[in-house]
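> Structure provided below as structure tokens; questions to follow.
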Amino acid sequence: MSVPNIEHDRVASLGQGGEPVSPATTVAVLDIGSLFSAVWRRRRSVIATALAMALLAALVALAIPPQYKATAKLLVDPAGLNVLRDDVTRGPGNADAALAEAESQIGVLRSSDIMLEVIGRTGLEDDPEFGMPEPGIVSGLLGMLGVGQEVGNRQLLALRRLGEAVDIGRQDMAYVIEISVWTKDAQKSARIANAFAEIYLEKNRAARTEFVRRSSQALAARLEDLRSKVAESSERVERYRSEHGIVDAGGLLVVDQQLQEATNELSRVRATVADLDTRYQQILDMRQRAISPENLSEALLSATIADLRSMLAVALAQVSALETTLGPSHPELLAARSNVILVENQIHAELDRIVEATRVERDRARARQDTLEARVDALKGDVLGTNSAMLGLRELVRQADSDRSIYEAFLKRSGELSEQQSVDTTNARMISQATPPLKKAWPPRTIIVLAAGILGLAIGVGQALLREQLDPRVQSAHQVWQETGVPVVAEIPRAVLNGDADLRGERGYSQMDAFYNRMAGAPGDAARWVLFACPDDDRLSALASLSLARSAVEGGDRVLLIDADTRNGWLSRLFGKQDRPGLRELVYGGDNISTVHSVSDDNQLLLVPTGRQVSAIAESARPWPLRKALSQRNQPVDMIVLSAGELWSSRLHRSVANAADAAIVVAVAQETHMKPLTQALESLIASGARVGGVLLVV
């Protein structure tokens, strides 16, 4: 039977699907699958750590005293209520200033003034949670050591603890301020929060009223000074008027009024003089030219002239009538003509009287004109003197008016402030009263337990990965590849190696079948030689050999099993051939006839047991080459599987190792140590074996 070699590279690449990678060229990368595998292998420890952390957190949460949070809400509008037009406490003029004003109220709420008032109103000085030290051994020891001496002043202690227990903040872009108080009692939290809000509102109103009152008092005190100043200014004005003879009436100076009146009267007198001159000249012209009275202007005639003219007209009419009926010398006509002459003489006499009266009136008007002109000239001189004195008077009057306006403004503002003291224009009110919470706000036990569980899970995963790194045993295929540079050709469950029929078709069998298929896919018709060895448990090599042989037989191949485990002979004992001729007889005695035994009914599975024990002299001799010894037996097989067990330095094992096309080392995850595995691989390589990979039992 001819048993030629198959290509070593083909076998060495099993499990990788490509060329084997040298350890010198490997790159350490993070294998997520290996990490998950490591965590999964130590899942009990990870879960136990997470549960322990969660349980510890639950116990701690139960031991922590509960804290109850109550919140009161205040609306603090800096603009206030526009009740009064000129409110002394007028709010800011823009939104940014208003928000800054609202933010400043947080500082007011946290001020010691309000907090001390809260302490006094709610009796926190006598509260063990605030003003009194909590009883206990620890506090007693601290007191003996001199620590915590601040509790001597319970008010200061309560002030500090209250500052730690209260949380005051403003809602974003709003004038709403939230006052939250944390205590061990729900009722107490609500009571303190409401006390904060109520005291703030009271003090805010009181502060505004006090501010208005102080402003009013300041104005009232200033009013007396201003009143005295106004009186002094008025007195200076009057004294100046008296000293300089400045008298006014109706808003004008008397001298100005006199000058104006004299000027107006002078204008009227001048007009009268001009009119009288005109009349006088007209009458004189009329007399000189002997103008008939009938032709006199009506403006120059008096009522007497008018009557005389009427009488003259009647007399003339009578003369005309008599002349038509009587002769020129008739007495009636003559009497009528005498009557006409009489009336004309009366008219001329009246005209003379008018001329004289007009002249006298004209002369009197001229005299009045001269008198008025002299008076106007005198008054003009007085006005010029008064104007220079008025410069100083006007300055005094301006000062007096200024003092009076300031006094009146202060007086008006003082009255407004007096009214504002009784009007509350602030827009600060409680919009949400604090109520006792139904459940505690701290500690959040669920969150603490979940966080502790997650932390414990992380710690568990970390310690699992750390233990994985520190564990000297084989953990995963990736670790084998990184540590040795040798690929893992398959990961087989231990149950598959044990031949559990219930697991047929599972992943482990599939990997073994895949391994066999790759071996069977080697080029040529030569049989494939596969050696299984193990670093610490020789049974594993026997089980792996039998498992591969089973897959090969099921695939239609004829398989020859060689039990090279001369120490224990597990395959030989498994088939009951431990006392039959076998490998020793084949390589030391040249017996190639009785050393091969059929162990299956269809003669598809053959076995070469370890053989009988030979003498030390024979065993120390150089063994016959295994391939050559088998080639002389004309019994063809498709695959030859060798079980070498635990390797040790002997000529027989070196001969067996050199005969294999691929040497596969069997390792057990979580059992086989990495160092013996590495030594086994180095031993195979040193003996000249062609290492094909590692079979990992999981």
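Residue numbers (the numbering used here): 258 to 955. Quick reminder that beta carbons are idealized off the backbone N, C-alpha and C, glycines included.
1. Provide the residue span of the beta strand (DSSP E) that contains Ala336, from first to last.
2. Closest by CA to Arg619, which one among Ala563, His854 and Gln538?
3. Considering only residues of the same chain and omitting the five flanking positions on each side of Val731, which have a CB-CB separation below 8 Å?
4. Given this structure, state the Cα-to-Cα distance separating Arg299 from Ser733, to the nearest angstrom.
5. Within 10 Å of its beta-carbon, does Leu864 have 16 or more other beta-carbons around it, so buried, or fewer, so exposed?
6. CA-CA distance, Arg471 and Ala477?
7. Can you tell me whether Val787 is buried or exposed, with buried defined as 16 or more other CB within 10 angstroms of its CB?
8. Give the range of the alpha helix (DSSP H) segment to which Ala698 is assigned.
9. Is Leu581 buried or exposed, if buried means 16 or more other CB atoms sit within 10 Å of its CB?
10. On the CB-based measure, 16 or more other CB atoms within 10 Å of its CB, does Asn602 come out buried or exposed?
11. Hey, out of Ile562, Leu590 and Ala560, whose CA is closest to Ala574's CA?
12. Thinking C-alpha only, which one of Met389, Ala336, Ala307 and Ala886 is nearest Val853?
13. Could you give the distance in angstroms between the alpha-carbon of Ala210 and the alpha-carbon of Val844?
14. List the residues that DSSP assigns as beta-bridge partners of Ile434.
15. Look up Thr692 in the DSSP assignment and say whether it is helix, strand or coil.
16. Between Gly839 and His735, what straight-line distance do the alpha-carbon atoms span, to the nearest angstrom?
17. Could you tell me the distance, in whole angstroms, from the CA atom of Asp759 to the CA atom of Lys696?
18. Exposed or buried, Asp660, counting other C-beta atoms within 10 Å across all chains shown (16 or more means buried)?
19. Excluding the five sequence neighbours on either side, which residues of its own chain have a C-beta within less than 7 Å of the C-beta of Ala709, listed in chain order?
20. By DSSP, does Ala919 sit in helix, in strand, or in coil?
21. Assuming Leu416 and Ile371 form a contact by the criterion Cβ under 8 Å, report the distance between their Cβ atoms to the nearest whole angstrom.
22. DSSP three-state call for Ser595: helix, strand or coil?
23. Among the candidates Leu707, Asp793 and Glu903, whose CA atom is the shortest distance from the CA of Ala307?
24. Measure the alpha-carbon distance for Phe909 versus Ala916 and round it to whole angstroms.
25. Just to confirm before moving on: does the CB-CB distance between Ser802 and Leu899 stay below 9 Å?
26. Quick one: what's got a C-beta closer than 8 Å to Pro729's C-beta in the same chain, skipping five residues either side?
27. So what's Gln324 in DSSP terms, helix, strand or just coil?
28. With distances taken from CA atoms, which of Thr615, Arg448, Ala578 and Arg496 is nearest Asp534?
29. Scan the stretch 707 to 757 and note each continuous beta strand (DSSP E) run of 3 residues or more that stays entirely inside, going in chain order.
30. Determine the DSSP secondary structure at Thr440, reduced to helix, strand or coil.
31. Of the choices Phe667, Thr520 and Ile819, whose alpha-carbon is the least far from that of Val487?
32. Taking the beta carbon of Ala635 as the centre, do at least 16 other beta carbons fall within 10 Å, making it buried, or is it exposed?
33. Is it buried or exposed for Leu831, if we count other Cβ within 10 angstroms and need 16 for buried?
34. Helix or strand or just coil, what does DSSP make of Ser586?
35. So if DSSP puts Arg686 in a beta bridge, which residue, or which two residues, is it bridged to?
36. With distance defined between alpha-carbon atoms, name the residue in Ser689, Met896 and Asp794 nearest to Asp814.
Taking the geometry as given:
1. Careful: Ala336 lies outside any beta strand (DSSP E) and carries neither H nor E.
2. Gln538
3. The residues are Val737, Ala924, Val925, Ala926, Gln927, Glu928, Thr929, His930, Met931, Leu934 and Leu953.
4. Approximately 13 Å, taken between the alpha carbons.
5. Burial of Leu864 is indicated by the presence of at least 16 other C-beta atoms within 10 angstroms of its C-beta.
6. 10 Å
7. buried
8. No alpha helix (DSSP H) contains Ala698, which DSSP labels as neither H nor E.
9. Contrary to the premise, residue 581 reads as Thr rather than Leu in this sequence. Per the 10 Å Cβ criterion, exposed.
10. That one is exposed.
11. Leu590
12. Ala886
13. The shown model of the chain, from 258 to 955, leaves out residue 210, and the question about it has no answer.
14. Leu331 and Arg427
15. Thr692: coil per DSSP, three-state reduction.
16. 39 Å
17. Residue confidence is low: Asp759 scores 45 on pLDDT, short of 50, so the model does not pin down where it sits. Its coordinate-derived value is still stated next. Roughly 57 Å separates the two Cα atoms.
18. buried
19. Met310, Ala311, Leu313 and Ala314
20. strand
21. Between Ile371 and Leu416 the Cβ distance is about 11 Å, and since that is not below 8 Å, they are no contact.
22. It is helical.
23. Leu707
24. Looking at the sequence itself, residue 909 is Leu, so the reference to Phe does not match. When rounded, the distance between both Cα atoms is 11 Å.
25. yes
26. His930, Met931 and Lys932
27. strand
28. Thr615
29. Runs of the beta strand (DSSP E) inside the stretch 707 to 757: 745 to 749.
30. Secondary structure of Thr440 (DSSP, three-state): strand.
31. When each option's Cα is compared against that of Val487, the closest is Phe667.
32. exposed
33. Per the 10 Å Cβ criterion, buried.
34. coil
35. In the DSSP secondary-structure assignment, Arg686 is bridged to Leu332.
36. Met896
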